[in-house]
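Chemist: Sending over a structure as structure tokens; questions will come in a sec.
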Amino acid sequence: MSKPYHTPDAIEVTFDDENLVANAGLLLVSTLAQRLGLDALISERVDLTGRVGGANKASKSLTLIHAMVAGASHIDHV
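Just so you know, the sequence shown maps onto residues 14 to 91 in our numbering.
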């Protein structure tokens, strides 16, 4: 079983025709979000206390952001 990467810095990027894949630009968005501390900012500023689905707000928000960058146009696409 492969081990997931927990930091985008551990991924090597190669730009050549043989290895191009769709949505590879998500790596840039992930790196920017990590370096800006977006997960901590969301956890600190967004209050979903008492709401259905209010747990893990930073993870859910970042998933939504990445889905939108990848082309999702509706919340149902996530």
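We put the beta carbon where it would ideally sit given N, CA and C, even for glycine.
None of these values were measured; they are calculated from a predicted model.
Tell me whether L77 sits in a helix, a strand or coil according to DSSP, three-state version.
Modeler: Your numbering for residue 77 matches position 64 in the sequence shown. DSSP places L77 in helix when its eight states are reduced to three.
Chemist: Quick check on DSSP: helix, strand or coil for D60?
Modeler: In the sequence shown, residue 60 corresponds to position 47, counting from 1. Of the three classes helix, strand and coil, the one that applies to D60 here is coil, per DSSP.
Chemist: When burial is assigned at 16 or more other CB atoms within 10 Å of the CB, is S72 buried or exposed?
Modeler: To locate residue 72, count along the sequence shown from 1; it is residue 59. By the 10 Å Cβ count, S72 comes out exposed.
Chemist: In three-state terms, what does DSSP make of V42?
Modeler: Numbered from its first residue, the sequence shown carries residue 42 at position 29. V42 falls in the helix class under three-state DSSP.
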